[in-house]
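Below you'll find the structure, written out as structure tokens, and then a few comments.
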Amino acid sequence: MKKNLSIIILAAGAGTRMKSNTPKVLHKISGKPMLYYSIKEASKLSDDITVVLFHQAQKVQQEMEKYFSHVHFVIQDHNNFPGTGGAVMGITPKYEKTLVLNGDMPLIQAQELEKFDHKDATIVMSVLELQNADGYGRVLIKNGRVEKIIEQKDANERELNITTANAGIYQFETSFLRENLPKLSNNNAQKEYYITDLVEMAIQEGKVLIPLTVEVENFKGVNSKVELAEAEVIHQNRIKKEFLKAGVIMRLPDTIYIEEGVEISGESILENGVTLLGNSKIINAHIKTNSVVEDAIIQNSDVGPMARIRPLSELYETHIGNFVETKKAILHGVKAGHLSYLGDCTIDEGTNIGCGTITCNYDGVKKHQTLIGKNVFIGSDTQLVAPVKIEDDVIIAAGSTITKNISKGSLAITRAPLKVIAGYFYKLFGDKQ
Ligand code: UD1
Ligand code: MG
0 MKKNLSIIIL
10 AAGAGTRMKS
20 NTPKVLHKIS
30 GKPMLYYSIK
40 EASKLSDDIT
50 VVLFHQAQKV
60 QQEMEKYFSH
70 VHFVIQDHNN
80 FPGTGGAVMG
90 ITPKYEKTLV
100 LNGDMPLIQA
110 QELEKFDHKD
120 ATIVMSVLEL
130 QNADGYGRVL
140 IKNGRVEKII
150 EQKDANEREL
160 NITTANAGIY
170 QFETSFLREN
180 LPKLSNNNAQ
190 KEYYITDLVE
200 MAIQEGKVLI
210 PLTVEVENFK
220 GVNSKVELAE
230 AEVIHQNRIK
240 KEFLKAGVIM
250 RLPDTIYIEE
260 GVEISGESIL
270 ENGVTLLGNS
280 KIINAHIKTN
290 SVVEDAIIQN
300 SDVGPMARIR
310 PLSELYETHI
320 GNFVETKKAI
330 LHGVKAGHLS
340 YLGDCTIDEG
350 TNIGCGTITC
360 NYDGVKKHQT
370 LIGKNVFIGS
380 DTQLVAPVKI
390 EDDVIIAAGS
400 TITKNISKGS
410 LAITRAPLKV
420 IAGYFYKLFG
430 DKQ
């Protein structure tokens with residue numbers, strides 16, 4: 000980590016264009032709030048990170064404190080100094096360089112941010128060459144030199160056609176920032192203090208300004224739900240590419256969704272439509288079509304198609320077939336091939352769970368445990384009313400409702416007597432022949 004860099008992340012804006020009550024920077028990409036990614040990447044470069052908040056500040060701060068403990072949060076004096084320039088006022092960066100990031104840029108990566116480090120420049124600013132710069136500030140360039148940045152709302156017809164855009168990230172000499180922030184005015188269409196006006200000031204003062212052309216893949220700004228969805232596609236592709244490179248097999252990767260925080264290792268296979276959420280760990284496992292895995296560990300096992308492995312499940316050397324749901328289920332060497340609910344249970348090696356088995360874990364108030372030992376055969380359509388313990392080597396006959404513990408080696412069977420009444424059909428409906 001470099002020791003001369005402070006980072007300010009702007010996250011105070013209302014995010015009106017998101018059309019949402021959720022603060023913009025808390026909208027999620029690959030399962031984590033956008034601002035999470037800015038802070039995560041910033042943390043690789045600096046130990047002096049300030050996040051500027053205003054709209055729903057407390058909510059944003061609380062959410063970020065779940066992930067980060069080393070960040071300063073400040074509240075912008077938004078009523079008096081609205082705008083991206085106003086956001087930076089009143090902060091005292093510790094180091095001689097200050098990198099300013101937008102909290103609505105979830106695709107930034109530390110190695111790209113390092114390119115802003117130019118010893119002699121007063122400002123290094125990010126520039127995007129786009130086909131259509133709609134929504135961005137336009138960069139006015141004359142004779143190959145940047146003149147200024149014009150915000151979309153302040154631009155005239157001719158300026159709107161400019162396709163060179165301001166990506167919104169800048170590295171400043173901290174002393175320049177300190178001296179010039181008080182000089183900003185809000186004499187513009189939005190009556191805001193624009194950080195972008197510092198560019199023109201630097202040029203007029205004859206300072207060194209370096210425009211750094213960056214890729215939209217890394218510096219896309221998210222202002223609307225459309226852009227949120229577009230950024231997530233890029234982010235997903237990035238996550239999946241890393242896993243593919245590491246040796247994971249994916250069938251139709253475009254149909255697979257993997258959240259930030261998921262780990263996949265060994266010779267794992269993901270079929271089409273698989274969703275992996277939270278901090279799931281997939282180790283040498285085969286996850287089949289349209290299965291959903293959330294905060295679970297799956298090792299040396301196969302799951303699905305169409306299975307749902309819910310939080311705190313741990314599957315080792317286990318086979319899970321279609322329409323099986325598990326939750327807080329610890330399974331070692333188990334087969335559950337079809338249509339079951341296995342919740343709050345521990346099941347041991349060699350045990351077979353028949354089709355239609357349900358652990359009745361909830362009594363309406365509390366959850367209870369089901370413990371099943373080794374080499375147990377649970378017949379189809381069994382209900383295990385928890386709390387209940389099935390010891391090793393037990394057979395449970397199909398259709399049984401088990402309400403008490405079953406000891407080692409037993410057969411357990413519940414049967415309502417079967418009645419057969421010959422000819423009853425014809426008595427009821429008559430003989431149609
Ligand atoms: C800004 C730039 C624009 C650039 C674009 C790139 C300005 C004036 N314009 O426009 O040139 O092309 O980013 O994405 O800087 N924020 C605050 N306090 C405020 C206002 C905004 O902290 O008072 C934060 C927002 O939360 C956001 C960031 O600053 O994270 C950018 O604000 P936003 O309103 O999205 O600016 P843009 O219009 O996108
Ligand atoms: Mg923006």
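Residue numbers are given in numbering that gives the first Met the number 0: position 391 of the sequence shown equals residue 390, and the series is strictly consecutive.
By construction, the Cβ of each residue, glycine as well, lies at the ideal position given by its N, Cα and C atoms.
Because the structure is a prediction, the values reported are computed rather than measured.
Any non-hydrogen atom of the ligand UD1 within 8 Å of residue i CB
i    : result
K182 : no
N185 : no
Q60  : no
A245 : no
Y256 : no
K206 : no
K23  : yes
Q130 : no
T195 : yes
A164 : yes
Backbone CA spacing between residue i and residue j [nearest angstrom]
i    : j    : result
I281 : P210 : 43 Å
I405 : K418 : 28 Å
H318 : V291 : 15 Å
V213 : E111 : 8 Å
K219 : K326 : 38 Å
G336 : T381 : 14 Å
K58  : F72  : 12 Å
E216 : K365 : 48 Å
K23  : A86  : 16 Å
M17  : K224 : 6 Å
G398 : A56  : 56 Å
Q368 : T15  : 48 Å
L100 : T195 : 13 Å
L208 : N179 : 15 Å
V145 : Y192 : 20 Å
L370 : I263 : 29 Å
L9   : T83  : 7 Å
Closest residue to residue i among the options (Cα-Cα distance)
i    : options                   : result
M63  : V375, S37 and C354        : S37
S409 : N374, G422 and K426       : N374
I238 : P252, A201 and E172       : P252
K118 : P105, A164 and L4         : L4
A188 : K152, E158 and L159       : K152
Q298 : G89, R309 and I286        : I286
M88  : L176, G30, A164 and N155  : L176
Y35  : Q60, H54, T21 and D47     : Q60
L98  : F67, E146 and L44         : L44
H331 : G320, K244 and S312       : S312
F67  : K31, N79 and E95          : K31
A415 : Y423, T400, F428 and Y425 : T400
Y467 : E95, V387, V198 and C354  : Nothing about residue 467 can be read from this structure; the chain reaches only from 0 to 432.
K182 : M200, I28, Q108 and N79   : M200
V384 : E390, G372, T402 and G378 : T402
Heavy atom of the ligand MG within 8 Å of residue i beta-carbon
i    : result
D103 : yes
G167 : yes
V123 : no
G220 : yes
Inter-residue CB distance, residue i and residue j (contact presumed, cutoff 8 Å)
i    : j    : result
I161 : L139 : 7 Å
L275 : E258 : 7 Å
T121 : I90  : The Cβ separation is near 18 Å, so there is no contact.
L106 : A230 : 6 Å
I352 : L338 : About 10 Å; that fails the 8 Å criterion.
Simplified DSSP assignment, three categories, for residue i
i    : result
L112 : helix
I257 : strand
L444 : Nothing can be reported for residue 444, as the shown portion of the chain is limited to 0 through 432.
L251 : coil
H337 : strand
D196 : helix
I389 : strand
H234 : helix
S42  : helix
Distance cut-off 8 Å: residue i Cβ against heavy atoms of the ligand COA
i   : result
G12 : Judged by which ligands are present, the ligand COA is missing from the structure shown, whose ligands are the ligand UD1 and the ligand MG.
Cβ of residue i within 9 Å of any chain D Cβ
i    : result
K244 : Judged by its chain identifiers, the structure shown contains no chain D, having just a single protein chain.
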